[in-house]
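Step one of this worksheet: look at the structure below.
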Amino acid sequence: MKCIYCGCEESKVLDSRSTDETNAIRRRRECLNCGKRYTTYETIETTPILVVKNDGSRQSFDSSKIKMGIIRACEKRPVSAMQIEMIVANIEKTLQNSMQQEVKSSKIGEMVMDELKKIDDVAYIRFASVYRKFADLTSFKKLLDEM
């Protein structure tokens, strides 16, 4: 880390604290050359994930899209905002931990359905009916029979 005052690369850390709002560590440093103090922030660098859509196009992973789909499926259901946040966080964490740079949208959809199935059957059926694009009643009935 270079000192912002003299450019020296030697410093010592005086204090380290986590910052809750940004998932970063705040470090108070002192330059060993000029003695001046400055603050740095350390964050985890994540690999961007690309979502491969059904048509073959690619776009950046956006957890807010998952969240909005789950919120729609859970409308008027006894599913708390905290449960929805946990589902989104679990999926995002699983994708980050997989170390894959590309993931198919179908895999993400299956992950969402697996999580919803654990929490609320009606929300699961709602999400599955939109996600799987049921064309007729028999395919919908087949899903119900599997439950």
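By the working numbering, the letter at position 112 of the sequence shown is numbered 642, and the numbering carries on one by one without gaps. Every residue gets a Cβ at the ideal spot worked out from N, C-alpha and C, and that includes glycine. Here the structure is a predicted model, which is why all the values come from computation and not from measurement.
Query, Result
"Proximal residues to proline 578 (C-beta, below 7 Å), its chain only, five neighbours per side dropped", "Ser590"
"Threonine 624, enclosing alpha helix (DSSP H) - first and last residue", "611–628"
"Serine 587: first and last residue of the uninterrupted alpha helix (DSSP H) it sits in", "Premise fails: serine 587 is in no alpha helix (DSSP H) and is neither H nor E."
"Neighbour-count burial assignment, glutamate 615, 16 or more Cβ in a 10 Å radius", "exposed"
"Alpha-carbon spacing of isoleucine 655 relative to serine 587, whole angstroms", "27 Å"
"Opening and closing residue of the alpha helix (DSSP H) in which tyrosine 654 lies", "651–661"
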